[in-house]
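Asker: Residue numbers are given in the working numbering: position 50 of the sequence shown equals residue 591, and the series is strictly consecutive. In this text, a Cβ means the ideal position worked out from N, Cα and C, and glycines have one as well.
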Amino acid sequence: MVKKHRVTEKDISKAGGLLPFIAQNVDALKPACSMDKKTESAMLLHSLTEQGNLGPPESKKSNSVLIAEAGGIAPLVSLISAGLPEAQAFALNALAQISTGRPDYQTAIIDAGGIEPISRCLRGGDAATQAAAAAAMASVSQKESARQPFVKANTIPSLVSLLKGGIDLQVQAAQTLANL
Numbered sequence: 542m543v544k545k546h547r548v549t550e551k552d553i554s555k556a557g558g559l560l561p562f563i564a565q566n567v568d569a570l571k572p573a574c575s576m577d578k579k580t581e582s583a584m585l586l587h588s589l590t591e592q593g594n595l596g597p598p599e600s601k602k603s604n605s606v607l608i609a610e611a612g613g614i615a616p617l618v619s620l621i622s623a624g625l626p627e628a629q630a631f632a633l634n635a636l637a638q639i640s641t642g643r644p645d646y647q648t649a650i651i652d653a654g655g656i657e658p659i660s661r662c663l664r665g666g667d668a669a670t671q672a673a674a675a676a677a678m679a680s681v682s683q684k685e686s687a688r689q690p691f692v693k694a695n696t697i698p699s700l701v702s703l704l705k706g707g708i709d710l711q712v713q714a715a716q717t718l719a720n721l
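1. Excluding the five sequence neighbours on either side, which residues of its own chain have a C-beta within less than 7 angstroms of the C-beta of Ala674, listed in chain order?
2. Can you tell which of Gly558, Ile697, Lys571 has the C-alpha that lies nearest to the C-alpha of Thr717?
3. Since Gln713 is in the alpha helix (DSSP H), which residue starts that stretch and which ends it?
4. Taking the alpha helix (DSSP H) that Pro561 belongs to, which residues open and close that run?
5. So Gly665 is in the alpha helix (DSSP H); what residue range does that whole segment cover?
6. Between Ala672, Ala669, Gly655, Leu595, which lies nearest to Ala694 when the distance is taken from Cα to Cα?
7. Distance check for Gly613 and Val567, CA to CA, integer angstroms please.
8. Helix, strand or coil: how does DSSP classify Ser603 here?
9. With a CB to CB cut of under 8 angstroms and the five nearest residues on each side skipped, what residues in its chain are close to Pro626?
10. Out of Leu636, Ser605, Leu607, which has the shortest C-alpha to C-alpha gap to Ser619?
11. Nearest-angstrom Cα distance between Glu685 and Thr648?
12. Sorted by chain position, which residues of the same chain lie with C-beta nearer than 6 angstroms to Val681's C-beta, five sequence neighbours on each side aside?
13. Just to confirm, is the Cβ distance from Leu721 to Gln711 under 9 angstroms?
14. What is the DSSP secondary structure of Asn695, reduced to helix, strand or coil?
15. On the CB-based measure, 16 or more other CB atoms within 10 Å of its CB, does Ala623 come out buried or exposed?
16. Buried or exposed: where does Gln629 fall if 16 or more other Cβ atoms within 10 Å of its Cβ makes it buried?
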């Protein structure tokens, strides 16, 4: 189990800056790396998506945009297809943050084959993975072209059952159902 860690200025400085830090962690999601390293990198990328911009003050791009621009979407989608539940949850949460309100990144997730693995995690993951899948699905289903594929992937029964969960889970499930 990877210990959750908030990315600090020290982490970024050690990597040589924000962009090299992101690039190192995106590269660590590639197939040649160990699952432990992939899980840690997904956790760090997820942490970055939840934090304010840690780059130079003149940078106007969010950490989420920088991760997407560094090619992070496809490896994160791959991780939800073949990762351990903890790694899947981190990757799903990162994708949810990256794609919220960003149609181009929603399309990138769809194009990377994200519909089926997100749906599979929603239907059969542990509680944390299901919650993260619901968040990713809520974000990606903002894109109209994702709605019918999610319905065809038989996600509605799982979303309805998640309405019985905690408030955060209910919000994500309800938003996704509204989108669909």
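Answerer: So, from the data block:
1. Position 133 of the sequence shown, counted from the first residue, corresponds to residue 674. Excluding residues within five positions, the ones whose Cβ falls inside 7 angstroms are Leu633, Ile659, Cys662, Leu663, Gly666.
2. In the sequence shown, the residue the question calls residue 717 occupies position 176. It is Ile697 whose Cα lies nearest to the Cα of Thr717.
3. Locating residue 713 in the sequence shown gives position 172, where the first residue counts as 1. From DSSP, the alpha helix (DSSP H) with Gln713 extends over 708-720.
4. To locate residue 561, count along the sequence shown from 1; it is residue 20. Pro561 -> alpha helix (DSSP H) spans 559-568.
5. Along the sequence shown, one-based indexing puts residue 665 at 124. Start and end: 656-665.
6. For the purposes of this step, residue 694 is identified with residue 153 of the sequence shown, where counting begins at 1. It is Gly655 whose Cα lies nearest to the Cα of Ala694.
7. Residue numbering aside, residue 567 sits at position 26 when the sequence shown is read from its first letter. Residue numbering aside, residue 613 sits at position 72 when the sequence shown is read from its first letter. The alpha-carbon atoms of Val567 and Gly613 are separated by roughly 5 angstroms.
8. By one-based count along the sequence shown, residue 603 stands at place 62. Of the three classes helix, strand and coil, the one that applies to Ser603 here is coil, per DSSP.
9. Residue numbering aside, residue 626 sits at position 85 when the sequence shown is read from its first letter. Counting only Cβ-Cβ distances below 8 angstroms, and skipping sequence neighbours, we find Gly666, Asp667, Ala669, Thr670.
10. Along the sequence shown, read from residue 1 onward, the residue named residue 619 stands at position 78. Answer by Cα proximity: Leu636.
11. In the sequence shown, counting from the first residue as 1, residue 685 sits at position 144. In the sequence shown, counting from the first residue as 1, residue 648 sits at position 107. When rounded, the distance between both Cα atoms is 10 angstroms.
12. To locate residue 681, count along the sequence shown from 1; it is residue 140. Around Val681: Ser640, Gln647, Ile650, Ala687.
13. By one-based count along the sequence shown, residue 721 stands at place 180. By one-based count along the sequence shown, residue 711 stands at place 170. Not in contact: Leu721 and Gln711 (Cβ atoms no closer than 9 angstroms).
14. As a first step, residue 695 must be located in the sequence shown, where it is residue number 154. Coil.
15. Within the sequence shown, the letter at position 82 stands for residue 623. Ala623 comes out exposed.
16. Looking up residue 629 in the sequence shown gives position 88. Classification for Gln629: buried.
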